[in-house]
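**Student:** Structure below; questions to follow.
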Amino acid sequence: MLRWWWRLLDWCLPGRKDLEISLEELSTVWQAANRGMRSLEEVLAEPPDGLVVPEVVAATREEPQTGGEEAPEVIEAESAPVVPDEAVSANPAPAASGSQAEWLAAGERSPMTETFLVPYERLLRNQGVWEPLIMMVGMLEVLGHCPSVVTVAAEADKEARRELYPLKDTLGKVTLRNHTELVTHLALQEVRSHYRNPELVIAKMLVAALGHDLGKIPEYRTSGVYTKKDHPEISVVKVRELFEGRVVPWLDDALELIRTHHDWTKHELGLLLRQADGKAREIEVAKIAKDLRIEPWERWCTPEALCAVLAERVNVVDRAGKWQAIAYKGTVFCTPELLWWAARELARRSNVIDIRLVRESDKEVVLRRIATQFREAGLLSYPVGEGYYGRKFRIHGPESRRKRGASQWYCLPIAESAFGEKVKLFQELKGVTEAIHDVELVA
11 MLRWWWRLLD WCLPGRKDLE ISLEELSTVW QAANRGMRSL EEVLAEPPDG LVVPEVVAAT
71 REEPQTGGEE APEVIEAESA PVVPDEAVSA NPAPAASGSQ AEWLAAGERS PMTETFLVPY
131 ERLLRNQGVW EPLIMMVGML EVLGHCPSVV TVAAEADKEA RRELYPLKDT LGKVTLRNHT
191 ELVTHLALQE VRSHYRNPEL VIAKMLVAAL GHDLGKIPEY RTSGVYTKKD HPEISVVKVR
251 ELFEGRVVPW LDDALELIRT HHDWTKHELG LLLRQADGKA REIEVAKIAK DLRIEPWERW
311 CTPEALCAVL AERVNVVDRA GKWQAIAYKG TVFCTPELLW WAARELARRS NVIDIRLVRE
371 SDKEVVLRRI ATQFREAGLL SYPVGEGYYG RKFRIHGPES RRKRGASQWY CLPIAESAFG
431 EKVKLFQELK GVTEAIHDVE LVA
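Now the structure itself:
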């Protein structure tokens, strides 16, 4: 059809001459519109403006278990940004009110827009999410100078109350704006390394990463409607408001990523966002607490190092008459609680920050990893299946005779030989083991 119209035009205008424009003249048009666009590789390889890039060694991350099997995921070593000194403020600026027009204007001026959104402008406009994302960035620029942990109505926030409570003072020095910038940068790196065609999920991840912590903004938590809500729930409400009147087929998926970004999920993007959030926290803590460092798990948490810490608690009975590890006939039976304590204590002594040892929700992942290390090193007295961190044992003692039954314990059975010279620490403490008549594996 177009070819027919073109021939008709030639027939009607026989004297028409082709218009010639040189490449140099034409370049003035597209260069003005490019707005500093760069390739995907260039953008994701560089941190946001103002962030310092240290060398970070390869680390192993793990996913939640399904079907009793452990599925560790290895992330290649990449340069990761660190929160700049100016981002750390003990007295963050108070939150200011704003409108969507103000957020849109602030977002258009933000370096985050240039870094995260401009490279995908055509993609984001085609999916109808360009302006909402600009407004998210603007909200962070206008309202994001608050702490990156909840300080208003904190008792209602799971992260502030429990998950990151030990680090709340340190992380309170990092602004919400800078934390979100770092998480977004790391999340895009994760998407690039895990997806063959990252453009298919870039828009969804940008919505989730930029919006995941908007519910921490203090003025949103002072409203009676939100004072008893967890910050991810408030974030979902605020992001949905920005998309009001727009039809985005995958918006509900992005909101679910925000709602569950502190939980284990089977959603791959959700795991990547959670991983980026955790890695950002490690970088922030290491930047502020100069004596802490980020190290691969295998470099500092070895079976030998763990046994050196565990040995201090073997055959020890606390004031309540409870034990957490006993040595009996060549095996040290360790409870999960003691293994969890030993890993955290070893990290403290090694001056290592590992967010998995801070977040209670990562506890089972850590325990499975420890069990795997001992199993692969051949240091277990009884077989423990992959994905498990112990077996059930009946321990027969004086109480079992009186009650006509033996108590059951879930323990990791570590060979006494794994403790080396440290075995002397608990061989002298035989009071608790002398009362044991037998230890029986429960089928």
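Residue numbers (the numbering used here): 11 to 453.
Just so it is clear, CB atoms sit at the ideal spot from N, CA and C, and this is done for glycine as well.
1) Label Gly255 either buried or exposed according to how many other C-beta atoms from any shown protein chain fall within 10 Å of its C-beta, with 16 as the threshold for buried.
2) For Leu261, which residues from the same chain have a beta carbon less than 8 Å from its beta carbon, with the 5 sequence-adjacent residues on both sides left out?
3) Comparing alpha-carbon positions, which option in Gln383, Ile363 and Arg378 lies nearest Tyr398?
4) Please say whether Ala290 and Leu192 have beta carbons closer to each other than 8 Å?
5) Going along the chain, which residues of its own chain have a beta-carbon closer than 8 Å to the beta-carbon of Arg303, five neighbours each way excluded?
6) Excluding sequence positions up to five away, which residues of its chain have a Cβ less than 6 Å from the Cβ of Asp301?
7) Who are the near neighbours of Ala116 in its chain, counting only those whose CB is closer than 7 Å to its CB and skipping five residues on each side?
8) Give the secondary structure of Cys492 by DSSP, where H, G and I count as helix, E and B as strand, and everything else as coil.
9) Excluding the 5 residues preceding and the 5 following Glu118 in the sequence, name in chain order all residues of the same chain whose CB lies nearer than 7 Å to its CB.
10) With H, G and I counted as helix, E and B as strand and the rest as coil, what does DSSP make of Gln285?
11) If we count Cβ pairs, one from each stretch, closer than 8 Å, do we get three or more for the segment 274–284 versus the segment 347–362?
12) Measuring CB to CB, does Leu133 end up less than 8 Å from Ile212?
13) Please report how far the alpha carbon of Trp307 lies from the alpha carbon of Arg135, in whole angstroms.
14) Helix or strand or just coil, what does DSSP make of Phe384?
15) What distance in whole Å lies between the Cβ atoms of His222 and Ser245, which are believed to be in contact at a cut-off of 8 Å?
16) Go ahead and label Leu265 buried or exposed: buried means 16 or more other beta carbons lie within 10 angstroms of its beta carbon, across all protein chains shown.
17) Do Val394 and Arg385 count as a contact pair if the criterion is CB distance below 8 Å?
18) Which residues does DSSP list as the beta-bridge partners of Phe403?
19) Throw me the rounded Cβ distance for the Ile424 and Val342 pair, which I believe falls under 8 Å.
20) Once DSSP output is grouped into helix, strand and coil, what is the label at Glu65?
21) Determine which residues share a DSSP beta bridge with Tyr338 and list them.
22) Using the three-state DSSP reduction, which class does Ile365 fall into: helix, strand or coil?
23) Helix, strand or coil for Ile424 per DSSP?
24) Within the segment 228–306, note down every full alpha helix (DSSP H) run reaching 4 residues or more, in order along the chain.
25) Please classify Pro176 as buried or exposed, where buried requires at least 16 other C-beta atoms within 10 Å of its C-beta.
26) Hey, quick one: how far does the alpha helix (DSSP H) through Glu200 stretch, first residue to last?
27) Mapping DSSP to helix, strand and coil, what is Leu316?
28) Taking only the alpha-carbon atoms, compute the straight-line gap between Tyr338 and Gly400 and give it to the nearest angstrom.
29) Give the straight-line distance between the Cα atoms of Leu390 and Gln334, rounded to the nearest whole angstrom.
**Tutor:** Checking against the coordinates, here is how it stands:
1) Position 245 of the sequence shown, counting from 1, holds the residue named residue 255. Exposed, because fewer than 16 other Cβ atoms sit within 10 Å of the Cβ of Gly255.
2) Mapped onto the sequence shown, residue 261 falls at position 251. For Leu261, same chain residues with a beta-carbon under 8 Å away, outside a window of 5 residues either side, are Val217, Arg250 and Phe253 in chain order.
3) As a working mapping, residue 398 is identified with position 388 in the sequence shown. The option with the nearest alpha carbon to Tyr398 is Arg378.
4) Locating residue 192 in the sequence shown gives position 182, counting from the first residue. Locating residue 290 in the sequence shown gives position 280, counting from the first residue. In this structure, Ala290 lies closer than 8 Å to Leu192 by Cβ.
5) For this step, residue 303 is matched to residue 293 along the sequence shown. For Arg303, where only same-chain residues beyond five positions count, the Cβ hits under 8 Å are Ala296, Asn361, Val362 and Ile363.
6) Position 291 of the sequence shown, counted from the start, is the residue given in the question as residue 301. In its chain, beyond the 5 residues on either side, Asn361 have a beta carbon closer than 6 Å to the beta carbon of Asp301.
7) The residue you call residue 116 lines up with position 106 of the sequence shown. Around Ala116: Gly148, Glu151 and Val152.
8) No answer is possible for residue 492: the residues shown for the chain start at 11 and end at 453.
9) On the sequence shown, position 108 is the one that residue 118 refers to. Only residues of its own chain outside the window of five on either side were considered, and among them Ile144 have a CB closer than 7 Å to the CB of Glu118, listed in chain order.
10) As a position in the sequence shown, residue 285 is number 275, starting the count at 1. Looking at Gln285 - three-state DSSP - the assignment turns out to be helix.
11) Too few Cβ pairs lie closer than 8 Å, so no.
12) Here residue 133 corresponds to residue number 123 of the sequence shown, with the count starting at 1. Here residue 212 corresponds to residue number 202 of the sequence shown, with the count starting at 1. Their beta carbons are under 8 Å apart, which means Leu133 touches Ile212 by this criterion.
13) Working through the sequence shown from its first residue, we reach residue 307 at position 297. Working through the sequence shown from its first residue, we reach residue 135 at position 125. Note on geometry: alpha-carbon atoms of Trp307 and Arg135 lie some 42 Å from one another.
14) As a working mapping, residue 384 is identified with position 374 in the sequence shown. DSSP places Phe384 in helix when its eight states are reduced to three.
15) By one-based count along the sequence shown, residue 245 stands at place 235. By one-based count along the sequence shown, residue 222 stands at place 212. His222 and Ser245 do touch by the CB rule: their CB atoms are close to 6 Å apart, below 8 Å.
16) In the sequence shown, the residue the question calls residue 265 occupies position 255. So Leu265 ends up on the buried side.
17) By 1-based counting over the sequence shown, the position of residue 385 is 375. By 1-based counting over the sequence shown, the position of residue 394 is 384. Between Arg385 and Val394, the C-beta spacing is below 8 Å.
18) Locating residue 403 in the sequence shown gives position 393, counting from the first residue. DSSP lists Trp419 and Leu451 as partners of Phe403.
19) Stepping through the sequence shown from its first residue, residue 424 is reached at position 414. Stepping through the sequence shown from its first residue, residue 342 is reached at position 332. That belief holds up - the Cβ atoms of Ile424 and Val342 are roughly 5 Å apart, short of 8 Å.
20) The count along the sequence shown starts at 1 and reaches residue 65 at position 55. With a pLDDT of only 33 at Glu65, under 50, the local geometry of the prediction cannot be trusted, and the value read off the model is given with reservation. Glu65: coil per DSSP, three-state reduction.
21) One-based indexing of the sequence shown puts residue 338 at position 328. DSSP output for Tyr338 lists Thr341 as bridge partner(s).
22) Residue 365 sits at position 355 when you count from the first residue of the sequence shown. Reduced to three states, the DSSP call for Ile365 is helix.
23) The sequence position of residue 424 within the sequence shown is 414, counting from 1. Reduced to three states, the DSSP call for Ile424 is strand.
24) Qualifying alpha helix (DSSP H) stretches, in chain order: 228–231, 241–252, 261–269 and 278–298.
25) Here residue 176 is taken as the residue at index 166 of the sequence shown, counted from 1. When all chains shown are included, Pro176 counts as exposed.
26) Taking the sequence shown and counting its residues from 1, the one referred to as residue 200 is at position 190. Looking at the DSSP string, the run of the alpha helix (DSSP H) that includes Glu200 is Leu186 to His204.
27) Within the sequence shown, numbered from 1, the residue matching residue 316 stands at position 306. Looking at Leu316 - three-state DSSP - the assignment turns out to be helix.
28) As a working note, residue 338 is residue 328 in the sequence shown. As a working note, residue 400 is residue 390 in the sequence shown. One alpha carbon belongs to Tyr338, the other to Gly400, and they sit about 16 Å apart.
29) Taking the sequence shown and counting its residues from 1, the one referred to as residue 390 is at position 380. Taking the sequence shown and counting its residues from 1, the one referred to as residue 334 is at position 324. Rounded to whole angstroms, the gap between the alpha carbons of Leu390 and Gln334 is 17 Å.
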